[in-house]
Structures are given as C-alpha cells and as structure tokens.
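The opening residue of the sequence shown carries number 0 in numbering that gives the first Met the number 0; numbering runs sequentially from there.
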Amino acid sequence: MPARKPLRPTATLVLRNAVVATCDAGTSDPGLIPSAAVAVDDRRIAYAGPERGLEEVVDAADAQVIDAGGGLVTPGLVDAHTHLVFAGERAGEFALRCAGKSYLSVALSGGGIAVTTRATRAASDATLLEAAIARARRLLAQGVTTIEVKSGYGLSTADELRLLRVIHDLAHALWAEVTIVPTLLAHAVPPERGGDRDAFVRELCEVLIPQAARERLADHVDAFAEEGAFTIDEARRILAAGERHGLVPHLHADQLTASGGAQLAAALSCASADHLEEIDDEGIAALARADVVAGLLPLSTLFLGSNRYAPARKLLSAGARIALATNLNPGSAMSENVGLALSLACLKLRLSPAEALVAFTAGGARALRRADAGRLRPGADADLVLWGCSSPEHLAWHMAVNHALVVVKRGRVVHTAAPGAAVDCR
Numbered sequence: 000m001p002a003r004k005p006l007r008p009t010a011t012l013v014l015r016n017a018v019v020a021t022c023d024a025g026t027s028d029p030g031l032i033p034s035a036a037v038a039v040d041d042r043r044i045a046y047a048g049p050e051r052g053l054e055e056v057v058d059a060a061d062a063q064v065i066d067a068g069g070g071l072v073t074p075g076l077v078d079a080h081t082h083l084v085f086a087g088e089r090a091g092e093f094a095l096r097c098a099g100k101s102y103l104s105v106a107l108s109g110g111g112i113a114v115t116t117r118a119t120r121a122a123s124d125a126t127l128l129e130a131a132i133a134r135a136r137r138l139l140a141q142g143v144t145t146i147e148v149k150s151g152y153g154l155s156t157a158d159e160l161r162l163l164r165v166i167h168d169l170a171h172a173l174w175a176e177v178t179i180v181p182t183l184l185a186h187a188v189p190p191e192r193g194g195d196r197d198a199f200v201r202e203l204c205e206v207l208i209p210q211a212a213r214e215r216l217a218d219h220v221d222a223f224a225e226e227g228a229f230t231i232d233e234a235r236r237i238l239a240a241g242e243r244h245g246l247v248p249h250l251h252a253d254q255l256t257a258s259g260g261a262q263l264a265a266a267l268s269c270a271s272a273d274h275l276e277e278i279d280d281e282g283i284a285a286l287a288r289a290d291v292v293a294g295l296l297p298l299s300t301l302f303l304g305s306n307r308y309a310p311a312r313k314l315l316s317a318g319a320r321i322a323l324a325t326n327l328n329p330g331s332a333m334s335e336n337v338g339l340a341l342s343l344a345c346l347k348l349r350l351s352p353a354e355a356l357v358a359f360t361a362g363g364a365r366a367l368r369r370a371d372a373g374r375l376r377p378g379a380d381a382d383l384v385l386w387g388c389s390s391p392e393h394l395a396w397h398m399a400v401n402h403a404l405v406v407v408k409r410g411r412v413v414h415t416a417a418p419g420a421a422v423d424c425r
C-alpha cells in the first residue's frame, strides 16, 4: 500500500500575497521571503514560507484569509522596556531641559522620579489602570503585541506592591490583545528614606521582593544604577535578592554616567542591560562575553536633548545581542511612537532597517526570555503584524507615522486600522 500522507494542521487564519519577515535566523537578518504566506492553527504559527508551499503543509480550505496585497508581515513587536503605569505629567521639566537644564540636575533639585511618585501615590487604582490601558493600546495599534511593564513610581513597599497589582490587572484586562510582562523596578530611594539608604535597600531585598514573588506579581526584577538612584553595590544586592526569589534580573546601566553597570549586568548574567549611552569598551566586551542583551532606547536620548546615543555598532561588532524598545515613561521618553524609535535606531544608532526590525522583535523577546514571541516559525505564538509597506526600509524611511494595518494576537485579529489611521503604501 502507498504510504499515507501525514495529516495537515487545519489553518484558522492565512495571510497570503505577503513579504514575510520571519526574524528567526538568530542573527540580525530578518529572513525576508517574497511571495509568501503565514498560516495560523488556532493560536500558533503553522506555516511561514513561500505561498506556493502552503497547501502542502496546512489545510487552509476553511481559513479566514487576509490578502496582504504585497505588504510586509512580521512578528508582533516586543517592547521590552516601558514604565507605562504612572500618573501626572512632567511637562514643566521638559521646558527646563529645553532651557538647558540636565535631567540629573532637575532630579537632584527635587524634580524627576519624585514628582511622578507623588502623583502616582495620589492617584486611584482605577485612574492608573485606565491610563495604562490607553497607553498599551496605543502601542498595540502600532504593532506591539508584547509589552514589558515596570513598577517603580511607588518607592515604598506598599506602593510598589500596589503598582504591581495594577500591572496584574492590566495584564488581565488586555489578555486577548497583548501580553504584559511584569517587572519589579527598584527605581530610586524616596526622599523620605534618603537618610537611611541601607535600611531601604534591606527592605527592598527582605520584604518587597519576597512578597512580590509570593504573590506572583512580577516575573522580572530591575534596578536603576545611576547617580541619584542606586549605587552599583546596592543594585547588586537588589538583583541578587530578586534572583533568589526566582525573578529574572535586568539593569538600567550606564545611562548618564559610566558607572560600571554593564560589567555588573554581565557578572550577574542579567537578561538585559538597558540604556548604555555611556558604556565603555570594557562594558561592551563584558556584555558580549556574558550574552547579556543590550537594550537600546534611542527615544530617551532624543527626549533628553543629548547626542550621546548608545554605541550600537560597537556592541554588534563585539558580538553582543541587541533589543530596541520605547522606554515609554514621563521623565525621559514620553512617547509611544514606535515608528520614531525605529527611525532613530537607524539614523542615530546606525542600525540598518533590517537590524532595527529584528531588534524590536526577536531581540526584545530574547531580552525578556520569551521564546514564544518575536519570530514567525511553526509552534510560536501567532502574534503578527501586516504593515502598509513592503520592506523594513520603508518602515524606517517614512518616520514617526503608523504603518500597522492589521495586528494579530494569538491567532486572532485584535486591531484593524481605521481608514486613514495608518499609512498604506503597498
């Protein structure tokens, strides 16, 4: 008897007539496939490849079909660094920086994180959640399907736990639309505890982190190692405590000064070291050796009026892996503009558009240790975006506009751009 052909998975959704970027090579190559298709079997990718091979692999007879019209289809973007749960505004500080004040001088004179902390503590849970949902959906509408969200504007055990619970509620409210990755951030020492820093750090390590872990409110832990925030030794203690309780460590490193943050992140095998505008050659080599993802946040550099962008090309040349993220926050990157982040990565970090796309997909997923996100391959989560253009180059070239026409999360269409809301140049 002739051999029986294996049963094909049944596709529930097919995007055809597309240029597909799989972002699955493990390199900065997005793996562009012309005349391609992507098939979804319920919530997982069943096929991503040349359209002519689709029917051999999946049964698409009853699938919902979207004609991509020659448009680019990519994995859903992974925004691996945001601070989107907060209240209040810092527009006055923006004006001060426009007049020549530095971020650090504003913070040391009583502004900065402390201003947002006061407003956030005063806001209700409902107010915080409503604002966070709106910010997350603005990212979703631009193709972001996984968002890391940090606490950090509570600056006390009770208030940080409260913010983590708001992030938990955010994840529940948006479960069908976007994946929320919760991170406990040790952001700064609150003014009322400034006279006893060591006691505050002990409280973070011995009370806040264990409680957050027990309640499963965080998957990751982060610390801001910088003048005006935590010292390298304090950050080491905080991240080590997080690791003891099962949290994945990250570090805000070498943003404003060359403090040795990258070396600490490497020594602790952090998942990522983020910012890195002031990283030195020793830090670059350390990240590459330790396989710590370099989180690049060019919106922050622009927003702070600086020309000291992270040395992305040196990082890549040394063998480091990179991720690109928005760093959405009220103090140093008040923007959800994904397109601007991509363009800045090319213009200021000197990434190619292809490298920038991979950094915002597979790179972000690696930074969050999410093997199910950021790439189009059989078995991966069916998170994907149809763009109104046919190449990564066009995404970066037509800057600061939204190109996302259709966003799919776990195999379901969760966003379709209203007429005129996204640029369509297919």
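Every residue gets a Cβ at the ideal spot worked out from N, C-alpha and C, and that includes glycine.
For Gly282, the enclosing alpha helix (DSSP H) begins and ends at Asp280 to Ala289. By the criterion of at least three beta-carbon pairs nearer than 8 angstroms, the stretch 7-17 is in contact with the stretch 67-79. About 6 angstroms separates the Cβ atoms of Ala421 and Gly387, confirming a contact at the 8 angstroms cut-off.
Out of Tyr152, Ala379 and Arg164, the CA that lies nearest to the CA of Arg213 is found in Arg164. Across the structure, Lys347 and Lys408 are spaced so that their CA atoms are roughly 31 angstroms apart. In this structure, Glu226 is the residue among Glu226, Leu404 and Leu238 with its C-alpha nearest to the C-alpha of Ser101.
Cβ-Cβ separation between Glu233 and Val200: approximately 5 angstroms, consistent with a contact (criterion under 8 angstroms).
Contact check for Ile237 and Leu263: beta-carbon distance about 11 angstroms, past the 8 angstroms limit, so the pair fails to qualify. One thing to note: His274 has its Cβ within 8 angstroms of the Cβ of Ala309. When only Cα atoms are considered, Arg96 and Gly110 end up about 12 angstroms apart. In the structure shown, the three-state DSSP call for Asp23 is coil. Note on geometry: alpha-carbon atoms of Gly282 and Arg7 lie some 49 angstroms from one another.
The alpha-carbon separation between Gly91 and Ser305 amounts to approximately 18 angstroms.
The three-state secondary structure of Leu183, taken from DSSP, is strand.
By the Cβ neighbour-count rule, Ala106 is buried, with 16 or more other Cβ atoms within 10 Å of its own. Nearest in C-alpha terms to Gly363, of all of Cys204, Leu385 and Val148, is Val148. Here Asp382 is near Gly75, since their CB atoms are less than 8 angstroms apart.
The alpha-carbon separation between Ala379 and Gly193 amounts to approximately 46 angstroms. According to the DSSP assignment, Trp396 belongs to the alpha helix (DSSP H) that extends over Pro391 to Trp396. Under the Cβ criterion (8 angstroms, minimum of three pairs), the stretch 244-263 counts as touching the stretch 214-221.
Residue range Val143 to Lys149 is occupied by the beta strand (DSSP E) that includes Val143. The Cβ atoms of Glu54 and Ser34 do not sit closer than 8 angstroms to each other.
Between the alpha carbons of Gly419 and Val413 lies a distance of about 18 angstroms. The beta carbon of Glu277 is closer than 6 angstroms to those of Asp253, Thr256 and Ala257 in its chain, skipping five residues each way along the sequence. Cα atoms of Leu367 and Leu183: separation of roughly 13 angstroms, rounded to the nearest angstrom.
Here the stretch 25-33 does not lie against the stretch 75-88, with fewer than 3 beta-carbon pairs under 8 angstroms apart. In this structure Ala358 touches Ala322 by the C-beta definition: roughly 6 angstroms separates them, less than 8 angstroms. In this structure, Ala118 lies near Gly87, with their beta-carbon atoms less than 8 angstroms apart. When DSSP states are grouped into helix, strand and coil, Arg349 belongs to the coil group. Between Ala222 and Ala265, the alpha-carbon positions lie close to 14 angstroms from each other.
Cβ-Cβ distances below 6 angstroms link Asp41 to Thr11 and Gly410 in the same chain, with the five nearest sequence neighbours on each side left out; the list follows chain order.
Beta-bridge partners of Gly294 (DSSP): Asp273 and Ala322. Going by DSSP, Pro248 is part of the beta strand (DSSP E) stretching over Val247 to Ala252.
One alpha carbon belongs to Glu159, the other to Ile32, and they sit about 45 angstroms apart.
Spanning the alpha carbons of Phe85 and Cys345 requires a straight line of approximately 30 angstroms. Per the C-alpha coordinates, the member of Pro377, Ala416, Ser123 and Ala355 positioned closest to Val406 is Ala416.
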